[in-house]
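Chains as they are written, first to last, in full-length UniProt numbering: chain A, 1 to 149; chain B, 1 to 149; chain C, 1 to 149; chain D, 1 to 149; chain E, 1 to 149; chain F, 1 to 149; chain G, 1 to 149; chain H, 1 to 149; chain I, 1 to 149; chain J, 1 to 149.
Ideal Cβ positions, reconstructed from N, Cα and C, are used throughout, including at glycine.
The structure displayed is predicted, hence computed values, not measured ones.
Number of protein chains: 10
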Amino acid sequence: MIESREAVTRMIVAAKVRKGIKWSDVAAEIGQSKEWVTAACLGQMTFSKAQAEIAGRIFELPDEAVAWLQIAPYKGSLPTAVPTDPLIYRWYEVVNVYGSTIKELIHEEFGDGIMSAIDFSMDIQREEDPKGDRVKVVLSGKFLPYRTF
Amino acid sequence: MIESREAVTRMIVAAKVRKGIKWSDVAAEIGQSKEWVTAACLGQMTFSKAQAEIAGRIFELPDEAVAWLQIAPYKGSLPTAVPTDPLIYRWYEVVNVYGSTIKELIHEEFGDGIMSAIDFSMDIQREEDPKGDRVKVVLSGKFLPYRTF
Amino acid sequence: MIESREAVTRMIVAAKVRKGIKWSDVAAEIGQSKEWVTAACLGQMTFSKAQAEIAGRIFELPDEAVAWLQIAPYKGSLPTAVPTDPLIYRWYEVVNVYGSTIKELIHEEFGDGIMSAIDFSMDIQREEDPKGDRVKVVLSGKFLPYRTF
Amino acid sequence: MIESREAVTRMIVAAKVRKGIKWSDVAAEIGQSKEWVTAACLGQMTFSKAQAEIAGRIFELPDEAVAWLQIAPYKGSLPTAVPTDPLIYRWYEVVNVYGSTIKELIHEEFGDGIMSAIDFSMDIQREEDPKGDRVKVVLSGKFLPYRTF
Amino acid sequence: MIESREAVTRMIVAAKVRKGIKWSDVAAEIGQSKEWVTAACLGQMTFSKAQAEIAGRIFELPDEAVAWLQIAPYKGSLPTAVPTDPLIYRWYEVVNVYGSTIKELIHEEFGDGIMSAIDFSMDIQREEDPKGDRVKVVLSGKFLPYRTF
Amino acid sequence: MIESREAVTRMIVAAKVRKGIKWSDVAAEIGQSKEWVTAACLGQMTFSKAQAEIAGRIFELPDEAVAWLQIAPYKGSLPTAVPTDPLIYRWYEVVNVYGSTIKELIHEEFGDGIMSAIDFSMDIQREEDPKGDRVKVVLSGKFLPYRTF
Amino acid sequence: MIESREAVTRMIVAAKVRKGIKWSDVAAEIGQSKEWVTAACLGQMTFSKAQAEIAGRIFELPDEAVAWLQIAPYKGSLPTAVPTDPLIYRWYEVVNVYGSTIKELIHEEFGDGIMSAIDFSMDIQREEDPKGDRVKVVLSGKFLPYRTF
Amino acid sequence: MIESREAVTRMIVAAKVRKGIKWSDVAAEIGQSKEWVTAACLGQMTFSKAQAEIAGRIFELPDEAVAWLQIAPYKGSLPTAVPTDPLIYRWYEVVNVYGSTIKELIHEEFGDGIMSAIDFSMDIQREEDPKGDRVKVVLSGKFLPYRTF
Amino acid sequence: MIESREAVTRMIVAAKVRKGIKWSDVAAEIGQSKEWVTAACLGQMTFSKAQAEIAGRIFELPDEAVAWLQIAPYKGSLPTAVPTDPLIYRWYEVVNVYGSTIKELIHEEFGDGIMSAIDFSMDIQREEDPKGDRVKVVLSGKFLPYRTF
Amino acid sequence: MIESREAVTRMIVAAKVRKGIKWSDVAAEIGQSKEWVTAACLGQMTFSKAQAEIAGRIFELPDEAVAWLQIAPYKGSLPTAVPTDPLIYRWYEVVNVYGSTIKELIHEEFGDGIMSAIDFSMDIQREEDPKGDRVKVVLSGKFLPYRTF
């Protein structure tokens, strides 16, 4: 009996390490971006039936695990409120240091509201630079204004 | 006596509201991006002497406040570890939901290391879209590999 | 110098107690629901210029406070992550006890996504009942599906 | 030996995924609302003997699990004080942003007291809307006044 | 300008110390139990107009403070989630050590539901005992069963 | 090997559910109050040898578990500092709302000191009431004055 | 108006620094141990009228402050749950590292119960030692057995 | 495979309960104080090879466990930052209530520095008293002055 | 199936204890500093294929574990935000007590920026001293200035 | 009236900004290292009378402030348990990532014990490097072995 989506995530990660699979290859087979597919494999998104079956084949998952992949998961991928891993912490630091700036500038441009984290996409790329290559990340989220009522 | 940079930030924010100043206009006068200038005005970055004097003129700050703007501040712009403001929370949510994905993909492309939050820039723009305009944010940070020793 | 929106909220609340003003009367003058107007007066929403001027007149606020009311505020109205006030705690308890239920049923009906807290409205009414009157609250939030990308 | 109600909840959830059961169908068989039945299946409410036996049949539970379903459980369905799942977080955000508003308006209408979370019901429905369907939730809780003594 | 009920509580406590007033005498004048009156003076309950005026006279409060006493306060009288004061901590310890026992026995007698903290009263008395006097506290709260729906 | 008292508590609770045992019957056999016996069965008190053997017979425990029941346990029966279960939370709320009141009144009657949670007893009873039965709880704790030294 | 005992503590500490007073001299005048008197001056114990007047004379306190010293204070002298000051942290560390040992040995000697922190005294002395002087602390607390009921 | 010192601690505690061993007898065999030996058995101190072998014989531990006893452990014996067990909590309370007093008196006697928790010993004894026996604890720690540099 | 790098770390630590291996010997075989190799063995750094195979041979790890050693791990080696172990706590204390000093002096020398914890090395040595040997630690991190943008 | 050492720290920091003083110059006048002097000025160390008077002259402090500088302060220079400032966070990250490594290597070299944070010194220097200058920090702390007793 598989008791949770986390158990499926652990199966996927273990299979990935054991078999030396790359996320970008999984993404190519599933036909979505590497960002969305990785998030889905790590238990944050819901696969369609077809997508789940491809993932099941790649990671050699049992049928019950494939069923779990089609269920909307309890999201949140970090073990602590403030992440300890340095790579992920730097993102938390950006939110902490620049959070008030982001808020001010979005409000200045759009008025009161938010940038959606649901109607949202992300693209991570290498940016070549002679002083050392850079990670370039493009985030795009629909602006949602507060409605009066 | 001005006891802290936070006191200067409060003066700037109060002057901005009272006088109806826009961050983008401040940025144009100071000659840096609106993102950096706003962060600096909100107490997260250090102004040069020339920049501090321009800011002092715009926000009608006393000399002591202009001196504070040139001192490296204790950074962190949020009152709680998990932000309560919905706009800023959405960013925290992105780190929480996509954090493990970002980590996996940067490691897949670059190996072990981090995306710098110091040698870093950010650009926030409106992306027009018939289904509702979007907020587009481009982040660029130098990749720093772990060194062995 | 008024340093923050919280200072304006304190002025409004003190004036309301001192003068015996009712939220529903403020709402009628401003021309929005009592729920939205109360939230805005308590520092959670942004007033238009016309609305702010009405509020300023009702609560006898200085011009600088009226300017603050038109600025998108840092939201969050509770002093602790788990609220201590019994009335508000009961709502937190509903989220705690029924949270997983709400999640399951929205996903069963709509698929993976969220109920917006931005494109959102709330209506609080007395429901007469011979066994003791009830508080009836209707919440309505747009369903936002996760997009694949 | 089944050591806790949580173990029974995990059995139910795993059976639901494995067999593709819908909460609304379970509710129809048990003869209560889908909201109450889902909460009960997720370990938040107490089944009667007859209800527990129906649930046991649907989810193919052993007798010991059926006995556990009739015991008042230790309630609380979220793993952290501030929920990380975006759908559930939006509800927490409503409590955080509108909590003081809800408090003010209930007190204005009813005086000092609370809206019960025990003598309470909830109804979740789809509200069709050309601009995008909405989730409509009706909450009804008895008003309980503080008694003097 | 009095900005909050806490400010009124501080005025009351300071006047009590300065003038050597006893809570039981305040209670006798107001005509409620010493338990309820003390809680109300400490900012946890709402006074009627008549009661507030008596309190105002005893503690020599300004009119604005008397108005605040008639407003339902944000409740919670402890500065930290786990109280540091030894007397109050012992009560927290009782909840911690005997909490599961209380839950089991109320459920065994009444079924699933709660003991109300709103329709609730408390009586604190000295119980003479040759081995050392005891504090006897009688708590009485209405049992509220969970309703199915 | 039984590694902890918690393991014995889980055995007792599982046996109670499986066999449909009532706490009051266990108390009658052991010859102490239902409050003390339930607390002891839930891992908060230490049984004598004779008491442990009766409990072992009722719950069909192995000898090693009977030994554990005679060892002073690490006490504390709640999984979080602020309890999530509504019944237990109401007690925490009483401490939070009335804590400062309890403190004031005990000090007014007895001087500085505490009400013991060790030389302590508790009695939980049904109080019949036409408006709905009530839970009556009598707490009795020795007053312990601070000594000067 | 003096609003709290903490305000009196701050007055005492400021006077002590300004006038170069020693705690042991205060203790000698008041006629109790230096440990108890220091705790009382720091807001943790209640002075008798005579003692408060001596303290008031030494620290040149106004009458209202002398009244506050005779009121049982809200105890707890540390700003955070885990103390940051190294001297005090070492004591917290002793509780953390040796806590389970202390528990085991007191139970082995006395059975289940506690060492009172109320019927308690403390004596801090210099212990001369050629390898470096030592701090010797003697704690004495009455053993309080749990009573069955 | 034994994965951690905690696993060895659980083996020791289980054997102690099962076999009815006393800490003072273990101490006598190992030839150190009961305080040190209990701390070491509970995973807080490092045994020498000879001491570990004696402990291994007493508690019937496998060779791998005896090896673990000779490794410096990750220390800290409490499951939460604020201990829930009443006996241990009283010690935490002493630190909380008397912490600032201890700090003041050690500084008054010794100057700035700390009382070591490493070059430290503890002795726990029964102190007979007609009003009820007392627990007497003597702590002795080397004073370590801050050095200037 | 090995589900995580932590599982591999536990295997390595258990093998080290069981076989009596020294970190410095592992470092010599792998050909990096003892500091880097220990961090890598404890799950904080990524091994190359050749390094992982040497580690696998020394600690007798299965192939799947050797694969895990080559994957960038989720970093963070402490079980709590404030470490309880005294040796590690002393480092946290240094950050707490001297953190603002370190910040001031690095800014005075270098301007605004940070000392990298990624382009970083550490060297731990014994420093002989007649008054007691000392631990000497040399940390070296690249200075990274904030860039304006 | 100056109520605390923190007030003196704020005076010093404000004077430093206002007058453009450098820490290294203060250190030269006081005759200790820049590391110790900065820590002392920031409220973490105790000045001698002579040192305090020099500091008082440099920062133009009143006599009462000079008296405060000679009192052992309550130490801890960070506003939150996990620091938000990026420069200081990197140090916390070193403790988090390398903490277990530091522990293992000090124990391997010295046995069980700690590196003192009291008998401790620190030296911060610029290390020139063609690939970008580095911050070199040398920490030296006496090793303190646990004593058996």
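With 7 Å set as the bound, which would you pick, yes or no: does the beta-carbon of C/Gly76 sit closer than that to a beta-carbon of chain B? yes
Cβ neighbour criterion (16 or more within 10 Å) applied to D/Gly113: buried
By alpha-carbon positions, which one of F/Trp36, F/Lys103 and F/Pro86 ends up nearest to F/Asp119? F/Trp36
What residue range is occupied by the uninterrupted alpha helix (DSSP H) comprising H/Asp112? Counting along the chain, H/Asp112 falls outside any alpha helix (DSSP H), and DSSP gives it neither H nor E.
Assign C/Glu127 to one of three DSSP states: helix, strand, or coil. The answer is strand: DSSP assigns C/Glu127 an E or B state.
How is residue 156 of chain I classed by DSSP in three states: helix, strand or coil? As displayed, chain I neither begins before 1 nor continues past 149, which places residue 156 of chain I out of reach and without an answer.
Quick one: what's F/Gly99 bridged to in DSSP? Looking at the DSSP assignment, F/Gly99 forms no beta bridge with any residue, so it has no partner.
Identify whether C/Asp25 lies in helix, strand or coil by the three-state DSSP scheme. Reduced to three states, the DSSP call for C/Asp25 is helix.
Determine, using beta carbons only, whether E/Ala72 comes closer than 7 Å to chain D. The Cβ of E/Ala72 sits closer than 7 Å to at least one Cβ of chain D.
Less than 7 Å between CB atoms is the rule here; does B/Trp68 satisfy it with respect to chain J? Cβ-Cβ to chain J under 7 Å: yes for B/Trp68.
Under 8 Å Cβ-Cβ, which residues of chain E neighbour H/Tyr89? Tyr89 and Glu93
Check the Cβ-Cβ distances between A/Glu3 and every residue of chain D, and say whether any is below 7 Å. yes
Using the C-alpha atoms, what's the distance from F/Asn96 back to E/Val138? 17 Å
Provide the residue span of the alpha helix (DSSP H) that contains I/Val37, from first to last. Here the alpha helix (DSSP H) through I/Val37 covers Lys34 to Cys41.
Cβ shell of E/Arg126 (< 8 Å), same chain only, five flanking positions each side left out: Asp133, Arg134, Val135 and Lys136
Candidates J/Gly31, J/Ala28, J/Arg90 and J/Ala52: closest to J/Ile12 by CA position: J/Ala52
Measuring CB to CB, does D/Thr101 end up less than 7 Å from C/Thr38? yes
Round the Cβ separation of residue 209 of chain B and J/Asp85 to the nearest angstrom and send it over; I've been treating them as touching at under 8 Å. Since the first residue shown for chain B is 1 and the last is 149, residue 209 of chain B is missing from the structure and cannot be characterised.
Going along the chain, which residues of its own chain have a beta-carbon closer than 6 Å to the beta-carbon of G/Leu144, five neighbours each way excluded? Gly113, Ile114 and Ser116
Start and end of the alpha helix (DSSP H) containing H/Val13? Arg5 to Lys19 is the span of the alpha helix (DSSP H), which, as asked, contains H/Val13.
May I have the straight-line CA-CA distance separating B/Ala67 from C/Ser4, to the nearest angstrom? So the alpha carbons of these two residues sit roughly 23 Å apart.
Where the alpha helix (DSSP H) through F/Gln70 begins and ends: Where F/Gln70 is concerned, there is no enclosing alpha helix (DSSP H), given that its DSSP letter is neither H nor E.
With a threshold of 16 other CB atoms inside 10 Å of the CB of A/Thr9, please say whether the residue is buried or exposed. buried
Of all Cβ atoms in chain B, is any one closer than 7 Å to the Cβ of I/His133? The question names His, yet the displayed sequence has Asp at residue 133 of chain I. Answer no: the Cβ-Cβ gap between I/Asp133 and chain B never drops below 7 Å.
Could you say which of F/Ser121, F/Lys142 and F/Leu78 lies nearest to E/Lys131 if we only look at CA atoms? F/Lys142
Roughly how many angstroms separate the alpha carbons of H/Ala15 and H/Gln32, rounded to a whole number? 20 Å
When the cut-off is 7 Å and only beta carbons count, does A/Glu53 lie next to chain D? no
So C/Tyr89 packs on F/Glu93, CB below 8 Å; how close in whole Å? Your pair C/Tyr89 and F/Glu93 checks out as a contact, with CB atoms roughly 7 Å apart and the cut at 8 Å.
Within-7 Å CB hit, I/Asp129 to chain H: Not closer than 7 Å to any Cβ of chain H, the Cβ of I/Asp129 fails to qualify, so no.
Looking at the secondary structure, which residues open and close the alpha helix (DSSP H) in which D/Glu53 lies? Lys49 to Phe59
Given B/Ile30 as reference, the closest of B/Gly56, B/Gly43 and B/Phe110 once Cα atoms are compared: Comparing Cα positions, the closest option is B/Gly56.
Can you tell me the Cα-Cα spacing of G/Phe59 and J/Ser77, whole angstroms? For G/Phe59 and J/Ser77, the distance between alpha carbons rounds to 29 Å.
Assigned exposure category for H/Ser140 - 16 Cβ within 10 Å defines buried: When all chains shown are included, H/Ser140 counts as buried.
Alpha-carbon to alpha-carbon, J/Gln70 and B/Ala72: 28 Å
Helix, strand or coil, according to DSSP, for F/Pro86 in the structure here? F/Pro86 sits in a helix when the DSSP states are folded into three classes.
Can you tell me whether A/Lys103 is buried or exposed? The criterion is at least 16 other CB atoms within 10 Å of its CB, across all chains shown. buried
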